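Shown next, in structure tokens, is the structure this report addresses.
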Amino acid sequence: FSFPPLLCRMTTAVKIEELEKLVFKALKNIGYSDNDATVMTRVMMHAEVHGNNQGISKLYRPQDMGFNPKAGELIFENESPQGVVVNGNQRSGMVALSAAVEKAITKAKATKFAICGTKNTYTSTGMLAYYASTVAKEDFIALVMAGSPEMVAPVGGKQAVFGTNAMCFAIPGPESGPLILDMATAAATLFGTISYKAAGKQLPEGVAIDKDGNPTRDPTAALAGAFQAFGSYKGAGLSLIVELLTQVLSGGAIPGGEGPEAHVGTGRKWREKNWANTVIAIDPSLLMPLAEFKARVAEVCTHVKGSGPRVTLPGEIEIQNRDKNLAAGALNISTGLFDNIRNLANKKSKL
124 FSFPPLLCRM TTAVKIEELE KLVFKALKNI GYSDNDATVM TRVMMHAEVH
174 GNNQGISKLY RPQDMGFNPK AGELIFENES PQGVVVNGNQ RSGMVALSAA
224 VEKAITKAKA TKFAICGTKN TYTSTGMLAY YASTVAKEDF IALVMAGSPE
274 MVAPVGGKQA VFGTNAMCFA IPGPESGPLI LDMATAAATL FGTISYKAAG
324 KQLPEGVAID KDGNPTRDPT AALAGAFQAF GSYKGAGLSL IVELLTQVLS
374 GGAIPGGEGP EAHVGTGRKW REKNWANTVI AIDPSLLMPL AEFKARVAEV
424 CTHVKGSGPR VTLPGEIEIQ NRDKNLAAGA LNISTGLFDN IRNLANKKSK
474 L
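Numbering (the working numbering), first residue to last: 124 to 474.
As structure tokens, then:
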């Protein structure tokens, strides 16, 4: 398992439309089909426009996209009026989760509730807010959870068990769009730790342990050990819940089994390449009229926002980033990253 170097700090202003075309062409040249490249471009550009780090940085090293030329068609398993598991068949995690979201919306429109999962993928699904907002824009309450391979240790543990195990809630109501809370349950991220290592900097206190379970600020030791959950026991508890509702419930690989102790980049989920996600869509009209619910949500959000001069609602910064970037029509992209994407789009990169 290898790590990319720190991205170039110099930036280049690129028109959003131009960047979107280059990303699509780059994905096509990696080997993805038109359909898969379209879905992945949409997910990554959504993150980039919103200022989220789950965007096009994934293309810095094309080989890390995890393209599998032997990947098969999506398979829909255990389907019912309110649920289905999308077997990704080693396709992109973004493609499998997008299909699960479409299924969840269709089923929730028919039955007012849906729960859909994905399994058998081993690549990032990107920014969860993209999927949750897609559900919430159809006037459903959304919960999206992403399982991932071993990187995070439970409190008191000395090996990685959980993934960074992100979760995202999206609730319709505010005029600016659904209220969105998108968060990982880990105190550190893989790419963030790699960046600290490349810059020769120490990690903050309390975010990682070494292979023996001792707290460490050394990024190299952390990458050989594990990250910690945010907020100690509370974050670890949430990480466990996400693990159970994704890897377990949706049929992904689960931690444990035979083999050496798991650390960042090693473990059963890494070996089996079977990561899982879960999408839940709930129609508020199960409990009250939709219009009333949305009005009450908006009222609460307005009150919270007005409770002090520096209150920021979840997702508000991302909305500001989006509005600013769309108004400018361009994004400031790392020059090194942009050069890689442009070269790949022009078939000048070696995979």
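Beta carbons are placed, not taken as given, at the ideal position from N, Cα and C, and that holds for glycine. The structure presented is a predicted model; accordingly, all values stated were derived computationally and were not measured.
Sequence-distant residues of the same chain with beta carbon closer than 8 Å to residue i, five excluded per side
i    : result
T164 : E143, V146, F147, L150
C424 : G296, P297, L302, L436
R391 : E273, A376, I377, P378, G379, G380, G382, A385
Range of the contiguous alpha helix (DSSP H) that encloses residue i
i    : result
N152 : 139-153
G315 : 313-322
L460 : 458-468
M168 : 157-172
I440 : 439-451
L363 : 356-366
L413 : 413-428
Span separating the alpha-carbon of residue i from that of residue j
i    : j    : result
G329 : E381 : 29 Å
L363 : E196 : 31 Å
G279 : N448 : 43 Å
A347 : E384 : 11 Å
A453 : S299 : 22 Å
L460 : S203 : 43 Å
A349 : L410 : 42 Å
E141 : I464 : 11 Å
R340 : T316 : 10 Å
E273 : Y319 : 20 Å
L436 : A421 : 12 Å
S430 : E261 : 29 Å
T458 : S180 : 11 Å
V224 : S247 : 16 Å
V434 : I303 : 15 Å
F126 : I228 : At F126 the pLDDT is 41, less than 50, meaning the model places this residue with poor confidence; the figure from the coordinates comes in the next sentence. Approximately 37 Å between the Cα atoms of the pair.
K281 : V275 : 10 Å
M188 : V166 : 14 Å
G286 : D335 : 19 Å
H426 : P432 : 12 Å
A331 : A283 : 10 Å
T241 : L266 : 14 Å
A450 : T257 : 22 Å
F353 : V387 : 17 Å
N466 : Y245 : 25 Å
K138 : G360 : 42 Å
A418 : N469 : 50 Å
Neighbourhood of residue i by C-beta distance below 6 Å, restricted to the same chain and skipping five residues each side
i    : result
V218 : D159, V162
D214 : Residue identity differs from the one stated: residue 214 is Arg in this sequence, not Asp. Counting only Cβ-Cβ distances below 6 Å, and skipping sequence neighbours, we find A194.
K230 : Q205, A237
N201 : V208
Other residues of its chain near residue i: CB distance less than 7 Å, five sequence neighbours each side excluded
i    : result
P407 : I264, L413, F416
H169 : M250, Y253
T369 : M268, A269, G270, G375, A399, N400, T401
A344 : D333
F199 : V207, V209
T134 : N455, I456, S457, T458
A117 : Absent from the model: residue 117. The displayed extent of the chain is 124 to 474, so no value can be given.
N243 : N210, G211, N212, Q213, N397
Range covered by the beta strand (DSSP E) that runs through residue i
i    : result
T389 : Premise fails: T389 is in no beta strand (DSSP E) and is neither H nor E.
Q351 : 349-351
S256 : Segment 251-259 is the alpha helix (DSSP H) holding S256; no beta strand (DSSP E) there.
G206 : 206-210
E202 : 198-203
I343 : The identity of residue 343 in the sequence shown is Thr, whereas the question assumes Ile. Run containing T343: none in the beta strand (DSSP E); it sits in the alpha helix (DSSP H), 342-346.
F292 : 289-294
T248 : Where T248 is concerned, there is no enclosing beta strand (DSSP E), given that its DSSP letter is neither H nor E.
A310 : Here A310 belongs to no beta strand (DSSP E), and DSSP marks it neither H nor E.
A269 : 264-269
Min CB distance residue i to chain D below 8 Å
i    : result
G348 : In the displayed structure, chain D is absent; only one protein chain is listed.
Does the segment 288-299 come close enough to the segment 232-252 that 3 or more CB-CB pairs lie under 8 Å?
yes
Does the contact criterion of 3 or more C-beta pairs under 8 Å hold for the segment 326-345 versus the segment 394-407?
no
In chain order, what are the residue ranges of uninterrupted beta strand (DSSP E) at least 3 long that sit wholly in the segment 219-245?
236-244
Taking 8 Å as the cut-off, does the segment 430-444 touch the segment 172-184 (at least 3 CB pairs, one atom from each stretch)?
yes
Determine, using beta-carbon pairs with one atom in the segment 311-320 and one in the segment 365-376, whether at least three such pairs fall under 8 Å.
no
Is the number of C-beta pairs between the segment 352-367 and the segment 209-224 that are closer than 8 Å three or more?
no
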